[in-house]
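Right, one structure below, let's go through it.
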Amino acid sequence: MGSPTKRRDMDMMKLMMSDFAVHIPDECSMHDFMVAFPGPANTPYEGGVWKVHVSLPREYPYRSPSIGFENRIYHPNVDEMSGSVCLDVINQTWSPMFDLVNIFTIFLPQLLAYPNPTDPLNSEAAALMLRDPKAYGARIRESVRLHASRAITFDDDDDGGGGGCGRGAQRMGSATSAKSDGTFGSPSTASLSGSSQVSGECARLQVWRGDMERGRRVSRNA
């Protein structure tokens, strides 16, 4: 196992053992997954919960992940229909020092708390923010009420109207939570080009998953 893969496995384990619910649709690949992300406190997004799709490049952590919102969010730096996040949000500051948990404890909270209206993906939201901050806040709260106020599940197709790069993945499996029964998917370290390769990789990853679950039990009992 190469160093980038070991690092990815460690970062995934850390994310799964955090307070964030994680869903991995493909049990033989950890390159694409979703995380339930709550809106930061003391912002108009407080009280909302979003499904965030994360796609890891093969070069992770030396290249930053791609992220997108599954359910709609009203924000100058997020495309409201596709859920795509402005790449500069992560690319300009990402380094291998950061891990996957940092996306949800640093990058996304900072993005929602401090939008950049000068480089928008949603020009209407950027213009409203600059023109009428009070109306901008009200528009965010209305969007949260309509699209991000329900309990998050990962096994339905109704995402409140949002799109996003993970729409297909959203329909590929049942709900999985970092706080529930431990039935997570598992990481992939090689190109899954043949059935024997897939079988061997999945078997190895079941061992990894068992190690992770034992770590979670130890953490809960500590």
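In terms of the UniProt record's numbering, the sequence shown opens at residue 1 and continues consecutively.
Virtual Cβ for every residue (Gly too), placed ideally from N, Cα, C.
Quick caveat, the model's predicted, so the values are computed rather than measured.
Item, Value
"Could you tell me which residues DSSP pairs with D32 in its beta bridges?", "S55"
"So does the region 99 to 116 actually touch the region 82 to 90, counting three or more Cβ pairs closer than 8 Å?", "yes"
"Taking the Cβ atom as the reference point for each residue, do W50 and I73 lie within a distance shorter than 8 Å?", "yes"
"Can you tell me which of the three DSSP states H75 falls into?", "coil"
"With a threshold of 8 Å, are at least 3 pairs of Cβ atoms found where one atom belongs to the region 122 to 130 and the other to the region 40 to 56?", "no"
"Pull up the DSSP beta-bridge partners for G68, would you.", "H53, S84"
"Thinking C-beta only, is H31 closer than 8 Å to L56?", "yes"
"So the alpha helix (DSSP H) R145 belongs to, where does it begin and stop?", "133 to 147"
"Take P109 and list the residues in its own chain whose beta-carbon comes closer than 7 Å to its own, dropping the five residues that flank it on each side.", "P40"
"Return helix, strand or coil for F37, following the three-state DSSP convention.", "strand"
"Use the C-beta contact count for P120: other C-beta atoms within 10 angstroms, 16 or more gives buried, fewer gives exposed.", "buried"
"From what residue to what residue does the alpha helix (DSSP H) around T5 run?", "3 to 16"
"Alpha carbons only, please: which of S64, A21, T105 is nearest the one belonging to R91?", "Just to set this straight, residue 91 is Asn in the shown sequence, not Arg. Out of S64, A21, T105, S64 has the C-alpha closest to the C-alpha of N91."
"Using the C-alpha atoms, what's the distance from T93 back to E59?", "16 Å"
"How far does the alpha helix (DSSP H) with A151 in it reach, from first residue to last?", "First-last for A151: undefined, no H or E at that position."
"Taking the alpha carbon of H147 as the point to measure from, which residue in D11, M16, P61, E80 has its own alpha carbon closest?", "E80"
"Could you check which residue in G47, D26, M16 has the C-alpha nearest to that of S143?", "G47"
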